[in-house]
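Undergrad:
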Amino acid sequence: MKKRSLQIFTGVCLVIIVFGCGSKEVNPMKPNVLFILADDLGYYDLNCMGSAFYETPNIDRIGNEGIVFTNGYANCQVCSPSRASIMSGKFPARHGITDWIGARTGEKWRELGRYNKLLPAEYVHNLSSEYITLPEAMKQAGYKTFFAGKWHLGKEGSWPSDHGFDINIGGWQSGSPRGGYFSPWENPNLENLENGENLSMRLAGETVKFISEHKDTSFFAFLSFYAVHGPIQTTQEKWAKYRQKAEAAGILKTGFEMENYLPIRKVQDNPVYGGLVESMDDAVGKVLACLDELGLNDNTIVIFTSDNGGVAAGDAFATSNLPFRGGKGQAYEGGIREPYFIKVPWQKGLKRCDVPVTGSDFYPTILDLIGEDLLPEEHSDGVSLVPLLSGGSIGERSLIWHYPHYGNQGGDPSSIIRKGPWKLIHFYEDGRQELYNLLDDPEEEHEISGQQPELVSKLMKELFEFLNDNNARYPRKDPTYVLENEQTYLKEIEENLLPHLERQRMIFLSKDFDPGNEWWGSTK
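One point on numbering: in numbering that gives the first Met the number 0, the residue at position 412 of the sequence shown is 411, and numbering is uninterrupted.
(1) Which residue comes first and which comes last in the alpha helix (DSSP H) that contains Glu461?
(2) Based on Cα-Cα distance, which residue from Glu464, Phe145, Trp238 lies nearest to His162?
(3) When DSSP labels each residue in this structure, what does Ser79 get in the three-state scheme?
(4) DSSP three-state call for Leu33: helix, strand or coil?
(5) Could you check the C-alpha separation between Gly524 and Glu236 for me, to the nearest Å?
(6) Can you list, in chain order, the residues of its chain whose CB lies under 7 Å from that of Thr234, leaving out five sequence neighbours each side?
(7) Beta-carbon within less than 8 Å of Lys476's beta-carbon, same chain only, minus the 5 sequence neighbours each way: which residues are those?
(8) Buried or exposed: which applies to Glu491, given that a residue is buried once 16 or more other Cβ atoms fall within 10 Å of its Cβ?
(9) Do you know whose CA, among Gly105, Asp38, Trp158, Trp421, lies nearest Val455's CA?
(10) In the DSSP output, what is Tyr147 paired with across the bridge?
(11) Just how far apart, CA to CA, sit Lys138 and Ser397?
(12) Can you grab the Cα-Cα spacing for the pair Thr357 / Gln76, in whole Å?
(13) Hey, Gly334 and Ser359 are a contact pair by Cβ (cut 8 Å); roughly how many whole angstroms apart?
(14) Taking C-alpha atoms, which residue in Tyr473, Glu493, Leu500 lies nearest to Glu258?
(15) Between Thr299, Asp353, Ser128, which has its C-alpha nearest Ile365's C-alpha?
(16) By DSSP, does Asn267 sit in helix, in strand, or in coil?
(17) Looking only at its chain, what residues have a beta carbon closer than 8 Å to the beta carbon of Asn57, apart from the 5 residues adjacent to it on each side?
(18) If you count every other CB in all the chains shown that lies within 10 Å of the CB of Val385, and 16 or more means buried, which is it?
(19) Please name the residue in Ala140, Ala203, Lys214 whose C-alpha comes closest to that of Tyr225.
(20) For the region 116 to 145, which segments carrying the alpha helix (DSSP H) assignment without a break, of at least 4 residues, lie completely within its bounds, in sequence order?
(21) Are the Cβ atoms of Gly38 and Lys149 separated by less than 8 Å?
(22) Would you please state the rounded distance, in angstroms, between the beta carbons of Asn307 and Cys78? I believe it to be under 8 Å.
(23) Please list the segments of the alpha helix (DSSP H) lying wholly inside the region 271 to 358, counting only runs of 4 or more residues, in order along the chain.
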């Protein structure tokens, strides 16, 4: 084996004591694990997290029956680094995958014509074969391992089956659903069976098949949706439902405003995206129903999270993360704060916990929950959250993000450290720092670095000691940079893209909207 409805807490875990007993019961032997990972789903894209627009009863069920970590984070503001951190238990600066695999670096960045001050850093392009990954650790523990959906952690030779998954359905190098959300799609590891078949439901069906065939064994099933990544698509029926919801709520005249590089969506009223979110939720419901029908619900740990924030700017400009600032690709909370649910059936009482946690914590937490020894040399940046599940503590620690790249969604090259309520962002373009107290200001409206110079210095020292100890790579100045070229580019964005997005928004919301391709070839 290779080596808004939720209050945003930021202090302690909330424990509800169950009548007649404590908050923890004896766990069964070798429980199953179902890990569900959404793509590009924002913190407020679920009804249970505060959305009044999207309907997600099945995902809500996981949160309602489990524990909601209100300060749950992805390890990066884009996908591949976060996914590598889940698999490895390491922060991106340590495993080296610091951007989505396929993003341009160095002088190739100029090919995009964005005229930025910096050239993005190089990064690792596949999950290292030297790691003992989470699925490999599960195999060592006697589990049957299964993967379905988006992988995006390397080309052939670094696919799920190369990193510990016995079965791989649909996982390969692409980070988007090539061919769209309705068959025929373009995926070498997912056969087309029926034209118009829904991709999310197909992945759920494959997961149900695996669970049914392995109901008498201990299994680790990883359902990794391509949803809700662009291109956003849905059925006519679901589009009509969400268009009517938007109309009933009152359609605003404008839905975007200009930020530094791109317009950003300020309202959740996209009926195409709403339908895509609900289709993913339907698929989650299919898998949960399977657990119920097979009598596996009481012996299956269920985890749900997302790999980065909702896409408010760039890509499909699909959702709004307000009241959080920013979105996918950006260093603010909208880019990294995620739905983060852990349901442990035998764990009773604890409903919400505000302790900051990240994707790298899943690896040791799962090992701990199934009664296996931890592998601290592997999941070196993750900690077991099991003490938190019963109302205990894990001690204060620092969480670190490293994204020395420009996001397609308007983000700047940056690194972040969060310690307690404090969040410090270092921006590489001009070397400035922004400091926020997330206990008092979770919306990051009040930058206070000037009021806390000693704290800034202390956090900067800790941040760069970690980065340098792990040989982190940094962006470099572009010697061909011309300010006027960048200003011209940004002016064109504001004058052309911003009004285009407003027109497109109104087209999606019009009663006679028709994408012109029989609703992306959907049949169900």
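Heads up, the beta-carbon is just placed ideally off N, CA and C, and yes, glycines get one too.
TA: Quick answer:
(1) Within the sequence shown, the letter at position 462 stands for residue 461. Residues 452 to 468.
(2) Sequence index remark: in the sequence shown, residue 162 carries index 163 (1-based). Closest option to His162, Cα to Cα, is Phe145.
(3) Sequence index remark: in the sequence shown, residue 79 carries index 80 (1-based). Ser79: helix per DSSP, three-state reduction.
(4) Translated into the one-based positions of the sequence shown, residue 33 becomes position 34. Three-state DSSP puts Leu33 in a strand.
(5) An answer regarding residue 524 cannot be provided, because it is not within the stretch 0 to 523 covered by the chain.
(6) On the sequence shown, position 235 is the one that residue 234 refers to. Excluding residues within five positions, the ones whose Cβ falls inside 7 Å are Gly274, Trp518, Ser521.
(7) Mapped onto the sequence shown, residue 476 falls at position 477. The answer, listed in chain order, is Lys116, Leu117, Leu118.
(8) In the sequence shown, residue 491 corresponds to position 492, counting from 1. By the 10 Å Cβ count, Glu491 comes out exposed.
(9) The count along the sequence shown starts at 1 and reaches residue 455 at position 456. Selected option, being the one with the closest Cα: Trp421.
(10) Locating residue 147 in the sequence shown gives position 148, counting from the first residue. Correcting the residue type first, residue 147 is Ala in the shown sequence and not Tyr. Paired residue(s): Ile168, Leu222.
(11) Along the sequence shown, one-based indexing puts residue 138 at 139. Along the sequence shown, one-based indexing puts residue 397 at 398. Straight-line Cα distance between these residues: approximately 30 Å.
(12) Counting from one through the sequence shown, the residue named residue 357 turns up at place 358. Counting from one through the sequence shown, the residue named residue 76 turns up at place 77. Computed Cα separation, rounded: 12 Å.
(13) The residue labelled residue 334 in the question sits at position 335 within the sequence shown. The residue labelled residue 359 in the question sits at position 360 within the sequence shown. Not a contact, Cβ separation roughly 17 Å.
(14) Taking the sequence shown and counting its residues from 1, one reaches residue 258 at position 259. The candidate whose alpha carbon is nearest that of Glu258 is Glu493.
(15) Indexing the sequence shown from 1 puts residue 365 at position 366. For Ile365, the nearest C-alpha among the options comes from Thr299.
(16) Your numbering for residue 267 matches position 268 in the sequence shown. The identity of residue 267 in the sequence shown is Gln, whereas the question assumes Asn. It is coil, neither helix nor strand.
(17) Here residue 57 refers to the residue found at position 58 when the sequence shown is read from its first residue. If we look at Asn57 and ignore the five residues flanking it on each side, its Cβ neighbours are Asp280, Asp281, Val283, Gly284, Leu287.
(18) Taking the sequence shown and counting its residues from 1, the one referred to as residue 385 is at position 386. So Val385 ends up on the buried side.
(19) Residue 225 sits at position 226 when you count from the first residue of the sequence shown. Answer by Cα proximity: Ala203.
(20) 133 to 139
(21) Counted from its first residue, the sequence shown places residue 38 at position 39. Counted from its first residue, the sequence shown places residue 149 at position 150. It is worth fixing the name first, because residue 38 is Asp in this sequence and not Gly. Yes, they are a contact pair.
(22) Here the question's residue 307 lines up with position 308 in the sequence shown. Here the question's residue 78 lines up with position 79 in the sequence shown. Yes, they are in contact, since the Cβ atoms of Asn307 and Cys78 sit about 6 Å apart, within 8 Å.
(23) 332 to 335
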